[in-house]
Every structure is written in structure tokens, then in C-alpha cells.
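Chemist: Sequential numbering from 381 applies to the sequence shown in my numbering. For each residue, glycine too, the CB sits at the ideal point set by N, CA and C. What follows is a structure written as C-alpha cells; I'll ask about it next.
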Amino acid sequence: MDQLWLLISAALVLFMQAGFVCIEAGLVRAKNMINVAIKNVLDAAIAFLLFILFGFGLMFGDTIGGYVGVVPDSLDLSMQGGAFLLFQMVFCTTATTIVSGAVAERMSFRGYLVIAAITAGVIYPIFGHWAWNGVDGGTYSGWLGEIGFRDFAGAMVVHGIGGFVALAAILVIGPRIGRFGPGGKRIDGQNPALSAIGLLVMWVGWIGFNGGSELAFTENVPRIIIVTLAAGAAGGIAVLMRVPLTGKPPPVEVIVNGSFAGLVAITACANSVGVTDGVIIGAIAGLVCYAGIRLLEILRIDDAVGAVPAHLFAGAWGILAVGIWGDPEVLGTGLSRIDQILVQLLGIAVAAGFAFTTAFVLLTLINLATPLRVPPQAEEIGLNIAEHGASSDLIKLVGEMDLHRATGDFSRPVEVPYGTEVAAIAAQYNEVTSKFRELDADKAKALEALREARDHAESANRSKSAFLAAMSHELRTPLNAIIGFSELLTSQIHGVLGHERYKEYATDIQDSGRHLLSIINDILDYSKIEAGRYELNEEEMPVERVVQDALRMVRVQASSKSIEIEVSIADTVPRIVADRRAIRQVLLNLLSNAVKFTDTGGRIRLVCEVEEDGRVAISVTDNGVGMSRAEITVALEAFGQVQSDYTTKSAGTGLGLPLARLLMQQHGGTLTIDSVKGEGTRVTLRLPPDRSVRDTVA
């Protein structure tokens, strides 16, 4: 019965290999899942062969000083001997396969086989000899076992050793592309649900893993199994209990690894603790695993599936728990609790010194001779194709969809693999891309129509501006003649006109001509600027003079409304280099608007000063009707008119402010408006510092 139980347990442990496949395939991207699956198959094959050929002898053969076993000429394949060999052989497989998930998605297949051979053929059996040699006979003869180190079912011998080798490997090969560094982010697995199935498979397998480690079908087996499953459950629940603390549930893989960590930790002491202790050990293991995952992220160590925290960190905690909770009678070491803890710590340190150092040194040397990591392009396309030339309908579909994403070209539909589980996804995706192409075509037509309309409008606008700019002379010359002759008639320079009404008519002609000339000047100046044909006639001049020129032209208008104009020019204002006519025109437009939109008896203030950044600023402030934000926007548009009683009584072209702003821009300056409806308006002109002549002041 004992041997039958051992054989059943061996089958259950071997079944764990399927669990490893599910967990790892679920936690990596689809383009790599075939690679991790075949690695799990082949590391089992490598472990089987090497353990049968010499690994079993190195681990359980007659000891040489407690350090290594003698490989026998032949194996004991009797019922008892063969059952024990089979059970230990599948344990070797478990230790070997731990590395697979950690190095997933970037290690070459050939490099992984080398690691599997080193782990199964050298590191695992030698450390196993130190800890377990003689366990089948009830007397420990390996040097660690002799001094009292206890690891019931392999929390360190199996899981810790695999974890140390995995840690060495991921340090040598480095993180996956895109995991850390600029733009680095978490890489999600393609099917977390598959990893959850894998965990359930592991729970079943652990019945044989821990239950079979009793090496006989004793009355302790049910208790060992119950303690094991309770610890695994506690590990998952402990991670889940983080939710009230963080405010968000942990990812599926964290729960999976938390439960896995509980199973690993209890493996060290399932035979020597009770259920309550097992729950505590498992819960702490889950939290240790979670903390380990975060620690590796902080250190930028990329473990693709969390193998190191779940196996190594949790395994080390389980080994320490033996000294804290293990029943001394079951342990049979004769050590005090403190001494037992110290021996357990020594075992962890020895495992680290031997397994990690050996693996790191060997892998570093191998990596120098032949790279253990695949080239970047192979990592990008995935190891399924790069390493095995293998694919699947799902992977092909994802690849085609990713090509669409990368190129932005949806002109070709993806292939629909009829009769497969992804056919419906591919067909629906093609429907979406077809609709997208239709919408894109409609958008392209609309954009083309908009471009044509824009080009037509711009062409017409350029023609208009060019025509008006060219007509400047033809329009201004006759108007100037009309104004000049009307002035002669008004002054009666060649004699009295006769009837007094003729003089009034001549005055009306003169005023109308000047008003019309002002409008035409604004339109022509605006058109010239739009056409790019406006040229500044720059000269050095005092600001005060150009201000007085503008004031003379509006004082009569201001006096007619009893509006006071106050002027303040700071002594520090320097002479400026600018186009006198343009600056005068800007000031005239601002002052005219201020007079126009200010009630009778109002006040206008013109201030000129030098700002901290060296710009000369001229502001015109009135206490008139003011404007809202929306009305300011309208006022700054060409030919825009803010509707009010003032615009009805005294309509203009709507070019005063837009032209002023353009003329300031021609000088490299700015025009800003601050206004409050019903309170007044302030318009500020600012000339850049390079237009100031600093040696003299006005």
C-alpha cells in the first residue's frame, strides 16, 4: 500500500507539470505561449533522463562525506526502490521547470535547455544530497540534514533551488523590451483565466507533492493534505484582503501567485504543524510573495510570471517557519527552537551561495560565449515563430490586427480561419474595419471638398487684396483732388463764390471727402497687409510727438461731446524706431473709438510708459460703454461691428481695431484689450524692446 501511494503521488506531482504549462501560458502573451508550453515538456524530459542516468545517484547514492552521492552501477527498480526513484524524479522535474516562467518571452530555446540541464543534472541533486540523503531510510546523512536542517517536501530543495536559478537567469538576460525604462509598463498575459485553471491543477498535484513526501500511506497523510490545501487557500485570501487597504483588487496573477506561495511555504513543514499554523504560514507567504513582486519591480528585475517571489521568497519563508512552528518531536533534530531557526537560516544561505552563485557564474560564462537571449526582432515577433516556426489561428489573427494598428492601413481584411474558435472574432473585426473604411472614404471626400472650397476662398481673397492694394493710387488720387479743390472753394482764394450756400456746400464736400479717404485708407492698408505688400517707412522719433499728432485730429470730436482727454507720458520713455504714419493711425483709431463709445462728459486717459521687460507700452482707457468677451472677439474681426446705439448713430468700416492690431504686428508688437461691459475699455499697445533708442529719452 505504501508503494502504491507513492506511485499515485508521483503521478499527481507529474500532473503538476500541466499546471505549470497553464499558469505560464496564461501569464505570457499569445505570441510566446507555445514556447513556454514546449519548454515545460522538454525540461521534464531532460530532468527524467539526467536524473535516471546520474542525478538520482548524486542525490541519494552512498554519500562521500555528506557532500555528494556515488552513482551506482545499476538502479534499484524493485517495487520499493522504483517507487521512490519515480517519486524523486518528478520532484526534479518540478525544480527544473520553475525557471521556465521567469525567463519567458526573451530567452532562446537553446539557452533554456542549457539551464534545464544544469539545474536537473548538477544543482538540484547536489543540494538535494546535502538536505535529503538518507531520508528514505529515516537517517539523514547529507551534511545539512545531519546538523538538523529540515525541509519536509522541498520548499527550499525543490522550489527555492529552482527560484535561485531563475533569479540568476533573469539577472543575466535582463528584462523584456518595453517592461522598464522610458515608456515601460506592465506586460499583461494573454489569458489569466488559464493561469487560474493551472492553479487548480497545482492544488490537485500538491496532494501528491506533500502527501507523498510522507513516503508511506500513514495516518498523517490526510492531515498533511488538509494543512497543505488550507495554507494555499490562505495565501490567496491574504492577497485578496489587500483590497480595503489599496482600494483596488489585485490582478488575477497576484491572487494566483499568492495561493501558490502558500502551497510552497507549507511544503517545508506540512508534516510538523497543525491546520491553524498552516493557515498563518500560508497567509504570510501570500503577502511575502506580493511584497516580492513589488520589490522586483522596484529593482527593475523582470520575472515574467512571478516565479521568484512565489517559489524562492515563499520557500525561504516556509523554511524559516519550520523553526518557528515545527513540532520538535516530528522534526527529530533535538535542537532548541532558537537553534532550529538558526539551522534553517543556514540552509537558506547555503542554498543561495551554492545554487544562485553556481547558476549565475555558469550562465554568465555561457552568455559570453553564445547569447542566451534572442535578438530584439525575435522578441518582437514572439518566440512561437522565432524559435519554433509555430503559430496558431489566434496568434495569426492578433498579428494581423497588430499590423493594422502599427501601419494604420485597414485596406486589407484579416484572414478568417473558418471552422476555428477565432473565426467569429475575425469576421466581426472585418465588419468593423469595413465600416471604418467606408467612414474613412466619406471623410476623405468631405476633406477634399473642404480643401477645394478653402483654396477657392483663399484664391478669391488674395485676388481681392491684390486688386485693392494695386488700386491704392487710382482711388486716393481723385479723392485728394476733390478734397484739395473743395478747400480752395471754402477759402474763396480766387474770390467770393457768390451765394453763402455755395461755401457750405464746399465745406460738406471737403468733410465727406476726408471721411471717405479715411475709410479707403483703412481698407487699402488692411488689404496691403493681407497681400504681404505693406512696407514700413521706419524712422527714429519721439513718442510724444506722434501722440500729439493723433490728439490734434480727435480734439474737435472730443470737445463736441465735452470729453476730457488726459495724457501722461513718463520721462523714461525713449525715442522709438517705427513708421510714424502707421503708429499715428493706430493711436488715431484707438482715440476715435474711445471718443465714439464714451458718453458726453466722459473721460479718456492716454498713458505711455516703459514696462519691466523693456517694452514701450501705450494704453488708451475710457469710461464708455465697454464690451463683453464675445464682443471683443467680434471687434477684432475684419469688418466686425459690435451692435449698439453708438454703431447705429456713427457707423464705420469695422476695420479700426483689426487694422491697428495688424499694424502693431508689422512692428513686432502687440495689441490687447481689457473691457468690462458698462464700465469702460482699455486698449494697450506694446512695442518690442529692440524698437527703443536707449541713449536718449523724449
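Express the C-alpha separation of residue 745 and residue 395 in angstroms, rounding to a whole number.
Modeler: Taking the first residue of the sequence shown as 1, we reach residue 395 at position 15. Taking the first residue of the sequence shown as 1, we reach residue 745 at position 365. Distance between the alpha carbons of residue 395 and residue 745: 34 Å.
Chemist: Go ahead and label residue 1048 buried or exposed: buried means 16 or more other beta carbons lie within 10 angstroms of its beta carbon, across all protein chains shown.
Modeler: Position 668 of the sequence shown, counted from the start, is the residue given in the question as residue 1048. Label assigned to residue 1048: exposed.
Chemist: Check whether the Cβ atoms of residue 682 and residue 555 lie closer than 7 Å to each other.
Modeler: Translated into positions along the sequence shown, residue 682 becomes position 302. Translated into positions along the sequence shown, residue 555 becomes position 175. Yes. Within cutoff.
Chemist: Can you give me the C-alpha to C-alpha distance between residue 724 and residue 778, rounded to a whole angstrom?
Modeler: Counted from its first residue, the sequence shown places residue 724 at position 344. Counted from its first residue, the sequence shown places residue 778 at position 398. Cα to Cα, the separation comes out at about 49 Å.
Chemist: Report the three-state DSSP secondary structure of residue 649 (helix, strand or coil).
Modeler: On the sequence shown, residue 649 is found 269 positions in, with the first residue counted as 1. The answer is coil: DSSP assigns residue 649 none of H, G, I, E or B.
Chemist: In whole angstroms, give me the CA-to-CA distance for residue 475 and residue 803.
Modeler: Looking up residue 475 in the sequence shown gives position 95. Looking up residue 803 in the sequence shown gives position 423. Taking the straight line from one Cα to the other gives about 39 Å.
Chemist: Quick one: what's residue 487 bridged to in DSSP?
Modeler: As a position in the sequence shown, residue 487 is number 107, starting the count at 1. Residue 487 is bridged to 753.
Chemist: On the three-state DSSP scale, how would you describe residue 449?
Modeler: Along the sequence shown, one-based indexing puts residue 449 at 69. Residue state, collapsed to three classes: strand.
Chemist: What first and last residue would you give for the alpha helix (DSSP H) that runs through residue 1039?
Modeler: Within the sequence shown, residue 1039 is the residue found at index 659, counting from 1. Segment 1036-1046, the alpha helix (DSSP H) holding residue 1039.
Chemist: Nearest by alpha-carbon distance to residue 1010: which of 974, 970, 1054, 994 is it?
Modeler: Within the sequence shown, residue 1010 is the residue found at index 630, counting from 1. Looking at the Cα atoms, 1054 is the closest of the given residues.
Chemist: For residue 322, write down the residues that DSSP places opposite it in a beta bridge.
Modeler: In this structure the chain extends from 381 to 1078, so residue 322 is not present and cannot be described.
Chemist: Which residue's Cα is closest to the Cα of residue 684: 601, 546, 749?
Modeler: If you number the sequence shown from 1, residue 684 lands on position 304. Nearest of 601, 546, 749 to residue 684, Cα basis: 546.
Chemist: Excluding the five sequence neighbours on either side, which residues of its own chain have a C-beta within less than 8 Å of the C-beta of residue 1059, listed in chain order?
Modeler: As a working mapping, residue 1059 is identified with position 679 in the sequence shown. Excluding positions up to five away in sequence, the list reads 1003, 1006.
Chemist: Measure the alpha-carbon distance for residue 1071 versus residue 1051 and round it to whole angstroms.
Modeler: Counted from its first residue, the sequence shown places residue 1071 at position 691. Counted from its first residue, the sequence shown places residue 1051 at position 671. Spanning the two alpha carbons is a distance of roughly 16 Å.
Chemist: Could you tell me which whole alpha helix (DSSP H) segments of length 4 or greater appear in the region 645-704?
Modeler: Here the runs fully enclosed are 655-678.
Chemist: Count the other CB atoms within 10 Å of the CB of residue 594; is the residue buried (16 or more) or exposed (fewer)?
Modeler: Position 214 of the sequence shown, counted from the start, is the residue given in the question as residue 594. Residue 594 is buried by the Cβ-count criterion.
Chemist: Do residue 486 and residue 753 have their C-beta atoms closer together than 7 Å?
Modeler: Within the sequence shown, the letter at position 106 stands for residue 486. Within the sequence shown, the letter at position 373 stands for residue 753. Cβ distance < 7 Å, so residue 486 and residue 753 count as in contact.
Chemist: Quick one: using the 10 Å Cβ neighbour count with 16 as the cut-off for buried, is residue 981 buried or exposed?
Modeler: Along the sequence shown, read from residue 1 onward, the residue named residue 981 stands at position 601. Counting Cβ neighbours within 10 Å, residue 981 comes out exposed, since fewer than 16 surround it.
Chemist: Less than 7 Å between C-beta atoms, sequence neighbours within five positions excluded: which residues of the same chain meet that for residue 690?
Modeler: Along the sequence shown, one-based indexing puts residue 690 at 310. The residues are 637, 640, 641, 644, 669.
Chemist: Starting from residue 1007 and walking both ways along the beta strand (DSSP E), at which residues does that stretch end?
Modeler: Here residue 1007 is taken as the residue at index 627 of the sequence shown, counted from 1. Segment: none, residue 1007 is in no beta strand (DSSP E) and carries neither H nor E.
Chemist: The alpha helix (DSSP H) spanning residue 603 covers which residue range?
Modeler: Taking the sequence shown and counting its residues from 1, the one referred to as residue 603 is at position 223. First-last of the alpha helix (DSSP H) with residue 603: 601-620.
Chemist: For the region 494-501 against the region 420-429, are there 3 or more C-beta pairs whose distance is under 8 Å?
Modeler: A contact exists between the region 494-501 and the region 420-429.
Chemist: Expressed to the nearest angstrom, what Euclidean distance is found between the alpha-carbon atoms of residue 599 and residue 710?
Modeler: Here residue 599 refers to the residue found at position 219 of the sequence shown. Here residue 710 refers to the residue found at position 330 of the sequence shown. Between residue 599 and residue 710, the C-alpha separation is close to 14 Å.
Chemist: Between which residues of its own chain and residue 527 is the CB-CB distance below 7 Å, once the five residues before and five after are set aside?
Modeler: Reading the sequence shown from its first residue, position 147 is the one you call residue 527. 723.
Chemist: Taking residue 650 as the reference, give the member of 810, 631, 586, 687 with the closest Cα.
Modeler: Against the sequence shown, residue 650 aligns to sequence position 270. When only C-alpha atoms are compared, the closest one is 586.
Chemist: On the DSSP bridge assignment, give the partners of residue 988 in chain order.
Modeler: Looking up residue 988 in the sequence shown gives position 608. The partner list for residue 988 (beta bridge, DSSP) reads 949, 998.
Chemist: Starting from the Cα of residue 385, find the closest Cα among 399, 591, 732, 430 and give me that residue.
Modeler: Mapped onto the sequence shown, residue 385 falls at position 5. Answer by Cα proximity: 591.
Chemist: Suppose you measure from the CA of residue 942 to the CA of residue 995; what does that come to, to the nearest Å?
Modeler: Taking the sequence shown and counting its residues from 1, one reaches residue 942 at position 562. Taking the sequence shown and counting its residues from 1, one reaches residue 995 at position 615. So the two alpha carbons sit approximately 33 Å from each other.
Chemist: Quick check on the burial criterion: 16 or more other C-beta atoms within 10 angstroms. Buried or exposed for residue 866?
Modeler: Residue 866 sits at position 486 when you count from the first residue of the sequence shown. It is buried - the Cβ of residue 866 has at least 16 other Cβ atoms within 10 Å.
Chemist: In the DSSP assignment, what residue or residues form a beta bridge with residue 963?
Modeler: Counting from one through the sequence shown, the residue named residue 963 turns up at place 583. Answer is none; residue 963 lacks a bridge partner.
Chemist: Does the distance from the CB of residue 611 to the CB of residue 658 come in under 7 Å?
Modeler: What you label residue 611 is simply residue 231 of the sequence shown in a count that begins at 1. What you label residue 658 is simply residue 278 of the sequence shown in a count that begins at 1. Closer than 7 Å, so yes.
Chemist: Which class does residue 943 belong to by DSSP, given the choice of helix, strand or coil?
Modeler: Working through the sequence shown from its first residue, we reach residue 943 at position 563. In this structure, residue 943 counts as coil in the three-state DSSP scheme.
Chemist: Tell me the rounded alpha-carbon separation between residue 926 and residue 830.
Modeler: Walking along the sequence shown from the start, residue 926 turns up at place 546. Walking along the sequence shown from the start, residue 830 turns up at place 450. Near 46 Å, if we compare the C-alpha coordinates of residue 830 and residue 926.
Chemist: So which of 839, 784, 827 has the shortest CA-CA distance to residue 812?
Modeler: Walking along the sequence shown from the start, residue 812 turns up at place 432. Out of 839, 784, 827, 784 has the C-alpha closest to the C-alpha of residue 812.
Chemist: Using the rule of at least 16 other Cβ atoms within 10 Å of the residue's Cβ for burial, across every protein chain shown, is residue 447 buried or exposed?
Modeler: Within the sequence shown, numbered from 1, the residue matching residue 447 stands at position 67. Residue 447 should be labelled exposed.
Chemist: When the cut-off is 7 Å and only beta carbons count, does residue 811 lie next to chain D?
Modeler: Absent here is chain D; the protein component of the structure consists of one chain.
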